[in-house]
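Residue numbers (full-length UniProt numbering): 1 to 456. Think of the CB as a built atom: it goes at the ideal place given N, C-alpha and C, for glycine as much as any other residue. If you're wondering where the values come from, they're calculated on a predicted model, not measured in any experiment. Everything on this sheet refers to the single structure shown next.
Okay, here's the thing in structure tokens:
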């Protein structure tokens, strides 16, 4: 019987009495105490290979990629004091919810992704909702990285080539990164990617410091409308929205119990880096700072920073598309030979899934003029839930089913209050974030900012 986790408390032995027969809810493929990946010496593919250090690097590469570029503009909307407080609070809050997700994964080794977690929480319908939501956001994330890569290439080439061709070039490179079947094949790229995004941020800060905007306006606090304030809030909220990949990464760890070390490193680095980058860029550019912030730099500095960050955009896009493909692949081939051996069917399906993920993201990026706004809607509906709100449900579920029902929940009033807080706060963020994203689309059409599909 697997150990059960609740904070620092570890228990072994039989489950606590449960008000429902949980065995009746277990899918024959998703066995409650069976690890999602089997490890046998004769397997061609060995999934459980990642150390916690490389998991943290892959998470940083994925989350910090686009997150830092939008944060300085949040300071320009609400002011430096509330924005910095919000960045630090959300980073700390994300660390807490990461702990709840990790505890849930350790209690349910069969969980590979949010869809599997949904099955444990609420059965097959919730599994499909969370699986589809994860795939949608992963494809939107791929598209976001493709657009960032295209923007970097356009800046470096002085718009010397049609954006469609630049997108296609970057999409092909992204597909190559996504193709390895196991994450250890790209784990070293995580270290390279983190170095690139950190150096890119440092170069941008130096560029802003050497070339401050004359007569810039700085504000400690800025009175604003609810719409403008929440528009600024969505930037730091989405900057931490990467927990949807936690289960997939932990599933490929050699020692899943070390996952909390990765979470500490991830949130510590991202919170510190976000705060320093946002403050420095804002101080030297002021309230006119653009989003992404690199566009506010002089041309030579923007080119240098974009050029360095290009590798990070590439790895992040590869991780997103790999995630979308892996969810579907594991869903259909879990516990079969195609997961662990070189088979024609396994490789054909895997390559087809990776191609489909990148191709759909590419088509959306060039054919849907409001695609960047749709990413905000997908983040509000799914990614922010995966990072914040759903963690509260995880705690409530496992405390109820594994610790002794409602009596166990009543014995933990503080933890219960925190779990409910995560759910209620995220429900508000989901509704308000969706409203803001839809309003942005309406405003973009009114002001003529929406371009035409398939245009350079």
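- Residue 253 is bridged by DSSP to 50.
- In the structure shown, residue 447 adopts coil according to DSSP, grouped into three states.
- By alpha-carbon distance to residue 228, the top candidate from 452, 445, 435 and 446 is 435.
- Note that the C-beta distance between residue 67 and residue 239 is below 8 Å.
- Within 10 angstroms of the beta-carbon of residue 62 lie 16 or more other beta-carbons, which makes it buried.
- One thing to note: residue 196 has its Cβ within 8 Å of the Cβ of residue 312.
- Taking C-alpha positions only, residue 206 is separated from residue 286 by approximately 15 Å.
- Under the DSSP assignment, residue 151 falls in the alpha helix (DSSP H) whose first and last residues are 124 to 156.
- Taking a C-beta distance under 8 Å as the contact criterion, residue 234 and residue 376 qualify as a contact pair.
- Counting the other CB atoms within 10 Å of its CB gives residue 226 a total below 16, which places it among the exposed residues.
- Rounded to the nearest angstrom, the gap between the Cα atoms of residue 89 and residue 381 is 21 Å.
- Residue 87 counts as buried, since no fewer than 16 other beta carbons sit within 10 angstroms of its beta carbon.
- When the alpha-carbon of residue 440 is set against those of 388, 419 and 373, the nearest one is in 373.
- Between residue 386 and residue 252, the beta carbon gap of about 18 Å keeps them out of contact (Cβ cut-off 8 Å).
- When the Cα atoms are used, residue 104 and residue 283 turn out to be separated by approximately 41 Å.
- Rounded to the nearest whole angstrom, the C-alpha separation of residue 281 and residue 60 is 20 Å.
- Residue 72 counts as buried, since no fewer than 16 other beta carbons sit within 10 angstroms of its beta carbon.
- Residue burial is scored here from C-beta neighbours: residue 187 has at least 16 other C-beta atoms within 10 angstroms and is therefore classed as buried.
- Nearest C-alpha to residue 429 among 399, 364 and 390: 390.
- Between the alpha carbons of residue 306 and residue 244 lies a gap of roughly 27 Å.
- Rounded to the nearest whole angstrom, the C-alpha separation of residue 210 and residue 224 is 31 Å.
- Annotation for residue 398: the continuous alpha helix (DSSP H) segment containing it runs 390 to 403.
- Using a Cβ-Cβ distance cut-off of 8 Å, the region 177 to 184 and the region 147 to 160 are not in contact, since fewer than three pairs of beta carbons, one from each stretch, lie closer than that value.
- Inside the region 310 to 366, DSSP marks no whole beta strand (DSSP E) run of 3 or more residues.
- By the Cβ criterion, the region 160 to 170 is not in contact with the region 334 to 349, since fewer than three pairs of Cβ atoms, one from each stretch, lie closer than 8 Å.
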